Every structure is written in structure tokens, then in C-alpha cells.
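Visitor: Before I ask anything, here is the structure I am working with.
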Amino acid sequence: MSPLSSLTISNDGFAFNVTTGESYTLNRCAQMVLHRLRSSETQEQIVQAIASEFGMAQGIVERDVADFFQQLHRLGFAGANS
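Residue numbering for the sequence shown follows the working numbering, starting at 1321 and increasing by one per position.
See the structure below:
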């Protein structure tokens, strides 16, 4: 079972960890990353999708997504397609 499967993610930007009871506020990009991770997309695919969706430079998105993956790891959600 993926560590991300313990998260319930709402459409309005909240995530709830059913295992620990912790809750998180997500921005639109974070929601997109988590939904795509659950669909088994790679980090590279996620970067490309965000760069395209938001019209951002790929280098900036790569850095931001890498930072988000590090945060996921620190929070115990390692095993995401990092």
C-alpha cells in the first residue's frame, strides 16, 4: 500500500491523513502533484504537466516539484515516484 493512500484529498485544497489524523492545506499545484502521483506518473511527467498547465519555465517547476517531493519524504510519504 502506498503511503499516499492514507491521504484523503478534497477538491478545495485540504488533505487529511487518516492514519495520523494530521491535516494539510494544499495549493493548486500541490493538489495536481498528489493526484498525478496517485495515477503513477513520474516526477518528470508531473513537471511537464505543471509547466504546461501554468505556463511556467520547466527549470522553475523542476526545482519546486523536487522541493515538494522532499517535503513529502520528510512527512513520511516516501515511496512517491521520487
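From the three backbone atoms N, C-alpha and C, an ideal C-beta is built for every residue, glycine too.
Source: prediction; values computed, not measured.
Return the Cβ separation of Ile1329 and Gln1363 in integer angstroms, given the expectation that the two are a contact with Cβ distance under 8 Å.
Guide: The pair is not a contact, with the Cβ atoms about 18 Å apart (cut-off 8 Å).
Visitor: Where does the unbroken alpha helix (DSSP H) through Phe1374 begin, and where does it stop?
Guide: Run containing Phe1374: Gln1363 to Phe1374, per the alpha helix (DSSP H) assignment.
Visitor: Would you mind stating whether Leu1392 and Arg1358 have Cβ atoms separated by less than 8 Å?
Guide: No. Outside cutoff.
Visitor: Give the DSSP-derived three-state secondary structure of Ser1330 in the structure shown.
Guide: Coil.
Visitor: Helix, strand or coil for Ser1325, going by three-state DSSP, please let me know.
Guide: Correct three-state label for Ser1325: helix.
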